[in-house]
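Residue 255 in numbering that gives the first Met the number 0 sits at position 256 of the sequence shown, with consecutive numbering throughout.
Backbone N, C-alpha and C define an ideal beta-carbon position, used for all residues, glycine too.
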Amino acid sequence: MKEVEVFSFDVVKEELSRLRNKNLRTNFFLSEEKLGFLKDGHQTVAYRSDNGFYFLVEQEGFYKYFFISNDMQDLQANLKLVEEKYGNHIIVSEVVGNEDYLKEINDQFQGNNFHEYTRLVRMSRMRPEPVHFELPPNIHQLDEDKLDELQNIYLKYFNKFAEQIPTREELQKMIEKEDVYYYSDDSRIQGFIIFENAGITSHLRYWFVDPEYRSKKIGSKLMDVFFTKFEQVKREIFWVIDSNENAIKRYKHFGFNEEKMYNIVLINKKLKYEEQNN
C-alpha cells in the first residue's frame with residue numbers, strides 16, 4: 000500500500016473505474032464541486048493498493064476518511080495503517096446503505112478501534128400534487144449579507160461530526176442558486192431552510208428554528224417553501240438522526256416515511272453524540 004503523491008477528483012474517478020466489480024464497497028459519492036469545497040485549503044493524504052484507494056481530508060478539528068475497496072481485508076489493512084499514523088487525531092467516516100451492506104463494513108471499522116457515533120435514517124415522501132410557489136409572510140431568500148450570521152448558527156447549534164456542516168464557499172454557492180431561505184420578523188435569522196434539487200427529487204439539507212422562537216410555528220412556514228419550490232419535483236427526501244424521535248414525529252406529520260437506508264457515522268474515539276439542534 001503506497002501513499003499517492005497527486006490527488007484530484009479525476010484520480011478518484013479513475014480509481015472507482017479501476018476497482019469496480021461486484022465486491023466494490025465505497026463511501027465516496029461526492030461531486031467534483033463538493034469534493035472541492037471539502038478539501039479547499041486542507042491537507043489530503045491518499046493511499047493506493049491493488050484492491051483499494053483510501054484518503055483522508057483534514058477538517059476543522061478532525062479528518063474525514065473515504066474508502067473505495069473491493070476487498071474487506073484490504074480495507075482492514077488501510078484502517079490499521081491510518082490508525083497507526085493518525086490515531087492521535089479524530090477520524091470520522093460515514094457509510095451509507097441498507098443493513099446488509101453496512102454490516103460487513105461496520106465490522107471492519109469496529110475491529111479497528113472505530114465506534115458508531117450516531118446513525119441517520121432516510122425519510123421520503125412523494126409530492127402529492129404540483130402547487131403554486133409563493134413565499135409565506137416573513138420568509139426571505141437569504142443573501143450574502145446574512146452569511147456570517149448563518150455560519151454562526153451552524154457553529155452554535157450543529158454537530159460537526161454528524162451533520163455535514165457546509166463550508167463558507169459551499170454556502171455561498173447555495174445562496175447563488177437561491178436554495179437558502181430564512182424566517183425573520185425583525186433583523187435576526189429566527190429559522191432557515193436549505194434544499195437542493197436533482198431532476199424530480201428535492202433533497203432537504205437543513206431545517207432549523209432557533210430554540211428561542213419555536214413557539215411561533217416557523218418550522219411549518221419554512222417547510223411550505225420546500226414543499227412548493229421546483230414544479231418538476233415528484234419526490235422529497237432528507238436524513239435525520241434515527242434517535243431523534245421528536246424530529247421523526249414532526250416529519251411523519253408532514254407525510255414522510257422512514258426508509259431502510261442508513262448513514263452510520265463512525266469515529267475512532269469513544270465520543271458521546273449530543274443532539275445540539277433538536
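Asked: Secondary structure, alpha helix (DSSP H): runs of 4+ residues fully inside the segment 16–44; Found: 31–38
Asked: Where His131 sits in the DSSP three-state scheme; Found: coil
Asked: Lys38 classed as buried or exposed, judged by whether at least 16 other C-beta atoms fall within 10 angstroms; Found: buried
Asked: Alpha carbon of Phe255 to alpha carbon of Lys84, nearest angstrom; Found: 43 Å
Asked: C-beta contact flag for Glu57 and Lys259 at 8 Å; Found: no
Asked: C-alpha distance - Val94 paired with Asn105, whole-angstrom precision; Found: 8 Å
Asked: Residues that His114 bridges to, as DSSP identifies them; Found: Ile266
Asked: Outcome for Met125 when other beta-carbon atoms lying within 10 angstroms are tallied against a minimum of 16; Found: exposed
Asked: Buried or exposed by the 16-neighbour rule on C-beta atoms within 10 Å, applied to Val5; Found: exposed
Asked: Supposed close pair Tyr261, Val120 - CB separation, criterion 8 Å; Found: 6 Å
Asked: Close Cβ partners of Arg187 (< 8 Å) along its chain, the five nearest in sequence each way excluded; Found: Glu148 and Asp209
Asked: Cβ pair count under 8 Å reaching 3, the segment 20–27 against the segment 61–75; Found: yes
Asked: Secondary structure of Met260, DSSP reduced to three states; Found: strand
Asked: Simplified DSSP state of Gly218, which is helix, strand or coil; Found: helix
Asked: Lys271 beta carbon less than 8 Å from that of His114; Found: no
Asked: Integer Cβ distance of Gln140 from Tyr180, believed to fall under 8 Å; Found: 6 Å
Asked: Within 8 Å, strictly: CB atoms of Tyr62 and Lys1; Found: no
Asked: Stretch pair the segment 181–200 + the segment 220–234: three plus CB contacts closer than 8 Å; Found: yes
Asked: Whole alpha helix (DSSP H) elements within the segment 167–255, 4-residue minimum; Found: 167–175, 217–227 and 244–252
Asked: Top-ranked residue by Cα proximity to His41, from Phe207, Lys159 and Glu59; Found: Glu59
Asked: Beta-carbon gap between Leu80 and Gln107 smaller than 8 Å; Found: no
Asked: Rounded C-alpha distance that separates Lys145 from Lys176; Found: 15 Å
Asked: Residue environment, Asp178, which counts as buried when at least 16 other CB atoms sit within 10 Å; Found: buried
Asked: Within 8 Å, strictly: CB atoms of Glu279 and Gln171; Found: Lying before the first or after the last residue shown, residue 279 is absent from the chain, which here runs from 0 to 277.
Asked: Cα-Cα separation between Leu23 and Leu265, rounded to whole angstroms; Found: 20 Å
Asked: Proximity of Tyr182 and Lys220 at Cβ, strictly below 8 Å; Found: yes
Asked: Residue from Leu34, Asp9 and Lys228 whose Cα sits closest to the Cα of Pro135; Found: Lys228
Asked: Whole-angstrom distance between Ala161 and Arg278, CA atom to CA atom; Found: No answer is possible for residue 278: it lies beyond the span of the chain, which begins at 0 and ends at 277.
Asked: Cβ-based burial, Gly198 [other Cβ within 10 Å; buried from 16]; Found: exposed
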